[in-house]
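Number of protein chains: 2
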Amino acid sequence: MTTRDRIISAAKEEFYSMGYDAARMRSISERAEINKGLLHYYFKTKEALMVEVFQETFQDFFRSIAAATDHDQDVFEMVASVVELYMEHMIKNPSLPYFIINEMNRDPERHFKRMKKAAVQPPFAPMMQMIEKVKSNGGIRKDVDPEQFMINLISMTLFPFIAKNMLTYMHGMSDKDYNEFLKNRTQEITHTLIASLKA
Amino acid sequence: MTTRDRIISAAKEEFYSMGYDAARMRSISERAEINKGLLHYYFKTKEALMVEVFQETFQDFFRSIAAATDHDQDVFEMVASVVELYMEHMIKNPSLPYFIINEMNRDPERHFKRMKKAAVQPPFAPMMQMIEKVKSNGGIRKDVDPEQFMINLISMTLFPFIAKNMLTYMHGMSDKDYNEFLKNRTQEITHTLIASLKA
DNA sequence: GTCTATACTCTGATAGAC
DNA sequence: GTCTATCAGAGTATAGAC
Numbered sequence: 007m008t009t010r011d012r013i014i015s016a017a018k019e020e021f022y023s024m025g026y027d028a029a030r031m032r033s034i035s036e037r038a039e040i041n042k043g044l045l046h047y048y049f050k051t052k053e054a055l056m057v058e059v060f061q062e063t064f065q066d067f068f069r070s071i072a073a074a075t076d077h078d079q080d081v082f083e084m085v086a087s088v089v090e091l092y093m094e095h096m097i098k099n100p101s102l103p104y105f106i107i108n109e110m111n112r113d114p115e116r117h118f119k120r121m122k123k124a125a126v127q128p129p130f131a132p133m134m135q136m137i138e139k140v141k142s143n144g145g146i147r148k149d150v151d152p153e154q155f156m157i158n159l160i161s162m163t164l165f166p167f168i169a170k171n172m173l174t175y176m177h178g179m180s181d182k183d184y185n186e187f188l189k190n191r192t193q194e195i196t197h198t199l200i201a202s203l204k205a
Numbered sequence: 007m008t009t010r011d012r013i014i015s016a017a018k019e020e021f022y023s024m025g026y027d028a029a030r031m032r033s034i035s036e037r038a039e040i041n042k043g044l045l046h047y048y049f050k051t052k053e054a055l056m057v058e059v060f061q062e063t064f065q066d067f068f069r070s071i072a073a074a075t076d077h078d079q080d081v082f083e084m085v086a087s088v089v090e091l092y093m094e095h096m097i098k099n100p101s102l103p104y105f106i107i108n109e110m111n112r113d114p115e116r117h118f119k120r121m122k123k124a125a126v127q128p129p130f131a132p133m134m135q136m137i138e139k140v141k142s143n144g145g146i147r148k149d150v151d152p153e154q155f156m157i158n159l160i161s162m163t164l165f166p167f168i169a170k171n172m173l174t175y176m177h178g179m180s181d182k183d184y185n186e187f188l189k190n191r192t193q194e195i196t197h198t199l200i201a202s203l204k205a
């Protein structure tokens with residue numbers, strides 16, 4: 007593992023858990039077990055380091071999600087596999103949604119430009135195209151809006167991770183309760199989405 | 007309007023739009039049209055000011071939402087009025103969900119304690135009790151989980167406001183598109199939730 | 001209560017030796 | 001490439017006059 011790799015890895019830990027503003031270059035250098043001087047040698051500014059971390063994170067996310075729609079399946083199976091893969095990825099990386107949304111809110115312009123340049127595209131198109139196709143076939147409700155549907159999907163999937171603290175407080179959940187809740191979540195979301203397609 | 011009121015009001019603007027870490031005491035004092043010294047005379051620390059702002063915000067939110075469940079209606083009507091009131095409140099205060107979640111993530115312990123002390127309770131109970139009741143009456147699916155249902159509701163309602171920047175990028179929306187999307191959102195969420203209760 | 005001036009601390013970034 | 005030492009700026013908080 008090169009020094010640069012160790013820095014990126016340390017920066018991910020720090021940025022994911024603290025957010026950009028609360029993250030400290032000092033803390034990142036300690037995590038990477040180097041000194042601040044060397045950190046600035048590799049990345050001239052904190053912002054430059056974040057840009058790198060953000061881009062890597064986002065690309066990994068999109069890549070790992072893409073597999074959900076790359077094989078033959080009907081619309082209901084596709085919904086199930088997209089939700090399942092999203093949930094799996096989030097359970098493995100629970101701080102991801104909050105991190106991404108935070109960054110997008112902090113500096114939308116910068117990240118938009120970078121992502122466009124790298125042609126980073128969200129893997130939503132296959133799901134939405136499938137909805138359109140089946141709609142015209144009469145397989146689902148005639149007035150389904152693919153965009154609203156897609157946003158329902160990601161809302162229900164990501165929100166419990168973004169708002170973990172709020173949810174556990176409001177519903178008086180223990181950590182065990184929360185994990186149990188997550189375990190049932192895939193099934194719940196899939197069911198809700200499919201019901202909304204049918205009637 | 008007293009000086010204290012002007013400070014609170016200015017602090018809300020600043021904290022809502024910037025978040026705690028990026029908010030500046032200097033900027034708050036300018037918004038309130040006083041100087042920094044006086045600001046610290048009223049609120050000894052930035053943290054103390056935030057505690058006050060957070061508590062007021064949360065209580066206003068809960069109070070304004072409570073009206074959705076305080077009159078006679080069947081379960082489907084109740085779902086519709088809860089979603090409608092939530093959406094109205096969010097459209098009026100679009101930065102609210104992001105602000106609350108940010109704070110909850112920044113310092114859960116502190117806010118939990120404060121809210122418990124003030125007996126701030128989320129207005130979820132009536133909705134969830136209604137679900138339980140109708141479930142035993144056979145009016146809806148037997149295996150609906152009220153907690154999952156409630157979280158579906160707030161996920162779909164709050165997420166578009168938390169993730170506005172992400173959504174507009176991913177779906178290539180203009181501001182006009184986004185507003186159009188929001189206008190249809192109440193109907194969409196209500197439909198989805200009711201479909202999930204029935205089948 | 002309100003203001004001006006200032007102390008103190010933290011942090012990102014740089015300079016320069018090895 | 002890696003380290004030590006240091007700067008410059010920003011930001012919260014305080015002291016003290018009015």
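From first to last, the protein sequence lines are chains A and B. The numbering of the first sequence is our numbering, which starts it at 7 and goes up by one. The numbering of the second sequence is our numbering, which starts it at 7 and goes up by one. For glycine and all other residues, C-beta sits at the position ideal for the given N, C-alpha and C.
| query | Enumerated in chain order, which unbroken segments of the alpha helix (DSSP H) with a length of 4 residues or greater are wholly contained in the region 48–122 of chain B? | reply | As summarised for the region 48–122 of chain B, the continuous alpha helix (DSSP H) elements at least 4 residues long and confined to that stretch are 52–72, 81–98, 102–112, given in chain order.
| Where the alpha helix (DSSP H) through T8/B begins and ends | Taken as a continuous stretch (DSSP letters only), T8/B belongs to no alpha helix (DSSP H), as it is neither H nor E.
| request: Taking D181/A as the query, report the chain B residues whose CB atoms sit under 7 Å from its CB, ordered along the chain. | output: The contacting residues do not exist; D181/A stays about 12 Å from chain B at best.
| request: Identify each residue in the region 58–84 of chain B for which the Cβ-Cβ distance to at least one residue of chain A is less than 7 Å, and report them in chain order. | output: none
| query | Do you know offhand how far I107/B's Cα is from M172/A's? | reply | Between I107/B and M172/A, the C-alpha separation is close to 7 Å.
| request: Using a Cβ cut-off of 7 Å, pull out every chain A residue sitting near I107/B, in sequence order please. | output: I168, A169, M172
| request: Note down the Cα distance separating V140/A from V126/A, rounded to an integer number of angstroms. | output: 27 Å
| query | Nearest chain A C-beta to Y47/B closer than 8 Å, yes or no? | reply | no
| query | Does any CB atom of chain B fall closer than 8 Å to the CB of P114/A? | reply | Judged by the 8 Å Cβ criterion, P114/A is in contact with chain B.
| Measuring CB to CB, does S33/A end up less than 8 Å from K42/A? | no
| field | Contacting residues, own chain, Cβ-Cβ under 7 Å from F68/B (five flanking each side not counted) | value | Excluding residues within five positions, the ones whose Cβ falls inside 7 Å are V126, P128, P129.
| DSSP three-state call for I40/B: helix, strand or coil? | coil
| request: With DSSP collapsed to three states, give me the class of K148/A. | output: coil
| query | Quick one: which chain A residues come within Cβ less than 7 Å of H197/B? | reply | S202
| query | What's the gap between the Cα of I13/B and the Cα of D27/B? | reply | Roughly 18 Å between the two C-alpha positions.
| Excluding the five sequence neighbours on either side, which residues of its own chain have a C-beta within less than 8 Å of the C-beta of E153/A, listed in chain order? | M134
| Can M162/B and T198/B be called in contact, C-beta distance under 8 Å? | In this structure, T198/B lies closer than 8 Å to M162/B by Cβ.
| Counting pairs of Cβ atoms below 8 Å between the region 77–96 of chain B and the region 184–199 of chain B, do you hit three or more? | By the Cβ rule, the region 77–96 of chain B counts as touching the region 184–199 of chain B, because three or more pairs are nearer than 8 Å.
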